[in-house]
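Chains as they are written, first to last, in my numbering: chain E, 3 to 332; chain G, 7 to 288. All C-beta atoms, glycine included, are put in the ideal place defined by N, C-alpha and C. Below: the structure, in structure tokens.
So, in structure tokens, the structure goes:
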């Protein structure tokens with residue numbers, strides 16, 4: 003990768019307020035064409051509002067942005083003809099069947115009647131919805147609805163796709179299916195802007211990530227860079243007996259300087275830059291007779307990154323942010 | 007929590023290669039024309055009627071109730087005979103039944119907005135008013151259904167329009183044109199209000215007085231003078247007089263003109279307003 007120098011999205015100083023609430027407060031983005039770019043942040047951070055501005059659904063109060071070379075305010079039509087949006091609310095028509103939804107979009111995009119029908123059939127097959135094609139969407143499961151939503155976004159292959167929290171509320175299996183689809187789209191050359199509040203999702207899919215909080219980008223880089231910016235690595239240990247944790251913590255403190263107690267009562271971790279030191283610490287734990295269930299030595303997770311960057315965990319949400327979120331969605 | 011890579015469900019339901027194939031295969035056609043986009047949205051409205059036929063119940067049962075109730079309950083008292091009253095109110099009930107359904111244009115739009123499907127439409131490169139114009143086209147089918155129900159019921163009950171089929175068709179046409187204009191008012195409401203229920207309440211609160219305080223059920227001359235003045239200025243009164251005239255073969259062109267002008271004025275004010283509100287909706 004890193005051969006592309008063209009930017010699919012170039013935004014500077016985007017701002018949007020809803021009444022008193024500053025949903026987006028000066029967002030800069032530079033998204034290389036052909037990549038998956040993750041916009042990572044908790045509920046109400048301003049992700050949805052940012053995407054809605056870039057997709058020309060909301061007009062920014064200030065700042066400017068070019069999407070695939072077109073200004074989002076003055077060249078909205080050009081932008082709309084090149085992008086697709088899969089919103090946070092599944093934007094499909096519940097009172098129609100899956101097939102009718104796709105034919106509708108195909109017709110609106112200018113496909114002929116026969117072509118639109120054929121295309122709908124092709125997509126339903128590819129997305130595992132062939133059996134449900136004739137059923138009303140209101141009877142679909144969350145995962146099916148999501149897949150239909152994404153299918154509707156690629157009836158005509160977009161150059162850029164906005165995916166706003168594509169797996170929120172999905173079970174793990176449906177989530178994996180959506181991830182597979184996203185990977186396939188990237189392989190086919192579509193640029194994707196992926197908003198998510200799930201750190202592992204960004205980690206799994208994104209080439210670059212912007213961490214956004216309170217309407218601002220607070221960090222940017224590849225997943226590896228972000229992790230490196232927080233610390234070089236950590237040793238994670240899970241014990242057989244939670245009761246032995248204080249004992250284990252003392253050993254890790256002695257060997258590695260500090261030890262963190264994890265939410266899991268049997269787990270603890272410690273910063274650890276060198277693998278050798280980690281191995282010694284494990285050996286020492288083992289010698290002390292504390293039973294170890296499993297251990298791993300790795301880079302910090304994006305959870306830890308988020309905590310280090312913002313001072314609060316990713317899942318936390320203040321009432322003010324809840325309002326922001328509400329405004330952003332509507 | 008250590009980062010364990012989740013196992014992707016290959017070949018499960020979503021075929022990777024098929025998705026890739028599907029992505030590669032469709033170049034962008036030149037966008038749909040304004041007319042074709044609007045007609046496609048009209049088709050969407052038809053599909054909804056097909057899948058949720060219950061929504062036609064309001065359109066069919068209410069008018070039937072109106073005709074039966076007013077004819078047999080009040081006919082004798084108001085006009086001395088049910089037959090005479092039936093002939094008097096049938097064109098009026100036609101107007102009332104169709105005007106009531108215009109509120110649904112606003113409710114449907116608000117429902118789309120609440121469900122998020124509007125985001126999809128607004129992110130498409132189409133003629134911006136197409137979703138609105140299209141659904142109003144679809145709604146005209148509803149108007150025609152309501153009109154047909156009334157006329158057929160009237161015929162069954164013994165109503166014989168003096169101006170024949172031509173007169174009836176002209177009256178129905180006029181009512182549909184007026185409804186098309188009026189429905190823009192409710193689509194505006196649909197974009198401003200918070201929920202489909204709010205639109206329904208506000209819509210019926212305004213349509214009730216508008217239709218009841220008219221010459222549909224009684225001769226305005228029997229009313230107290232203040233009320234009579236209101237009734238005589240009410241555009242619905244003109245619409246009722248015009249439809250009655252067309253069905254009886256003695257239409258006043260002045261009435262028809264007022265109706266058309268009102269429809270044009272409503273469209274001129276509320277259609278652009280609706281389109282603007284839609285473009286920047288939530």
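The beta carbons of residue 183/E and residue 194/E sit no closer together than 8 Å. With 16 or more neighbouring CB atoms inside 10 Å of its own CB, residue 10/E falls in the buried class. With respect to the 8 Å criterion, residue 220/E and residue 29/E are not classified as neighbours on the basis of their beta carbons. An exposed status is given to residue 227/E, since fewer than 16 other beta-carbon atoms sit within 10 Å of its beta-carbon. Take residue 243/G, set aside five residues on each side of it, and the residues of its chain with a beta-carbon closer than 6 Å to its own are 220, 221 and 237, in chain order. DSSP places residue 195/G within a helical segment (H, G or I) once states are collapsed to three. Restricting attention to alpha helix (DSSP H) runs no shorter than 4 residues, the stretch 160 to 200 of chain E encloses them at 174 to 189, ordered along the chain. Nothing from the stretch 148 to 182 of chain G brings a Cβ to less than 8 Å from some Cβ of chain E.
Residues of chain G with a Cβ closer than 7 Å to the Cβ of residue 110/E are, in chain order, 38, 43, 46, 130 and 132.
Shown here for residue 241/G: same chain residues with a beta carbon closer than 6 Å to its own, the five before and five after excluded, namely 268 in chain order. Secondary-structure assignment with DSSP links residue 39/E through a beta bridge to 195/E and 210/E. When 8 Å is used as the limit between beta carbons, residue 194/G is near no residue of chain E, the shortest such separation being about 18 Å.
Annotation: residue 160/G to residue 75/G spans about 13 Å, alpha carbon to alpha carbon.
Close to residue 89/E, with beta-carbon spacing below 9 Å, are these residues of chain G in chain order: 122, 125, 126 and 129. Remark: fewer than three beta-carbon pairs, one from each stretch, lie closer than 8 Å, so the stretch 121 to 131 of chain E and the stretch 168 to 178 of chain E are not flagged as touching. Just measuring C-alpha positions, the residue of 250/G, 249/G and 215/G sitting nearest residue 233/G is 215/G. Nothing from the stretch 189 to 216 of chain G brings a Cβ to less than 9 Å from some Cβ of chain E. At a cut-off of 8 Å between beta carbons, residue 127/E contacts chain G.
Below the 9 Å Cβ cutoff, chain G contributes 121, 122, 123, 124, 125, 126, 127 and 129 as neighbours of residue 93/E, in chain order.
Close CB contacts of residue 229/G within its chain, under the 8 Å cut and outside five residues either way in sequence, are with 237 (chain order). Within the same chain, Cβ atoms closer than 8 Å to the Cβ of residue 283/G are found at 194, 197 and 198, the five residues on either side in sequence being excluded. Here DSSP, grouped into helix, strand and coil, assigns residue 135/E to coil. If you draw a straight line from the Cα of residue 143/G to the Cα of residue 56/E, it comes to about 32 Å.
Every beta strand (DSSP E) of 3 residues or more that sits fully in the stretch 44 to 93 of chain E is shown, in chain order, as 64 to 69 and 85 to 88. As for any beta strand (DSSP E) of minimum length 3 sitting wholly inside the stretch 246 to 279 of chain E, the runs are 269 to 273, ordered along the chain. Under the three-state reduction of DSSP output, residue 21/E falls in the coil class, being neither helix nor strand.
Along the stretch 30 to 64 of chain E, going in chain order, the ones with a CB nearer than 9 Å to a CB of chain G are 54, 57, 58, 59, 60 and 61. Taking a Cβ-Cβ cut-off of 8 Å, residue 66/G has no neighbours in chain E, whose nearest Cβ is about 19 Å from it. Excluding residues up to 5 positions away in sequence, 26 and 29 lie with their Cβ nearer than 6 Å to the Cβ of residue 52/E in the same chain.
Shown here, residue 99/E sits in a strand according to DSSP, grouped into three states. If you draw a straight line from the Cα of residue 150/E to the Cα of residue 191/E, it comes to about 20 Å. In the three-state reduction of the DSSP assignment, residue 299/E falls in the strand class, which pools E and B.
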